[in-house]
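Remarks on the structure that follows.
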Amino acid sequence: MPSSANLGHHLEQYVSDLLKNGRYQSRSEVLREGVRLVEEREKRLAALDGAIARGLADADAGRVTPLETVAKRLRHKYQKMAKESGA
Numbered sequence: 000m001p002s003s004a005n006l007g008h009h010l011e012q013y014v015s016d017l018l019k020n021g022r023y024q025s026r027s028e029v030l031r032e033g034v035r036l037v038e039e040r041e042k043r044l045a046a047l048d049g050a051i052a053r054g055l056a057d058a059d060a061g062r063v064t065p066l067e068t069v070a071k072r073l074r075h076k077y078q079k080m081a082k083e084s085g086a
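Numbering that gives the first Met the number 0 numbers the first residue of the sequence shown as 0 and each following residue consecutively.
This is the structure we're talking about:
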C-alpha cells in the first residue's frame with residue numbers, strides 16, 4: 000500500500016540528514032523504522048494501561064499491601080544493595 004507522507008520542513012530535513020550520513024539507505028527505511036518505533040511504544044503503553052487497570056482492580060478489591068510494609072521491604076532491599084556494592 001504505497002503512500003506519501005508530508006513530514007514538514009524540520010522532519011524532511013532530518014530524514015535527509017540521516018540519509019546523507021549513511022544511517023539509513025532510503026526514505027522508506029527511515030519511515031518504516033519510525034512506524035516500528037511508534038508500534039513498539041503503543042504496545043508498551045497498552046501493557047502499562049493493563050497493569051494500571053489490574054492494580055486499580057486489586058486496590059478496589061482490597062488486595063493491597065500497607066505502605067509501611069512496602070517501605071520496610073524497599074529499605075531492606077536497598078540497604079543490602081548498598082552494603083554489597085561497598086557504598
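All C-beta atoms in this analysis are idealised placements derived from N, C-alpha and C, irrespective of residue type, glycine included.
| Query | Result |
| --- | --- |
| Distance between beta carbons of V14 and R31, contact taken as under 8 Å | That pair is no contact at about 12 Å. |
| Residues near N20 by beta carbon distance below 6 Å, same chain, minus five either side | none |
| Where V63 sits in the DSSP three-state scheme | coil |
| N-terminal and C-terminal residue of the alpha helix (DSSP H) that Y13 is part of | G7 to K19 |
| C-alpha gap between P77 and K71, whole angstroms | Sequence inspection shows Tyr at residue 77; the Pro mentioned does not correspond to that position. When rounded, the distance between both Cα atoms is 10 Å. |
| Distance between Y23 and H75 (C-alpha atoms, nearest Å) | 48 Å |
| Separation of D48 from H9, as counted between CA atoms | 32 Å |
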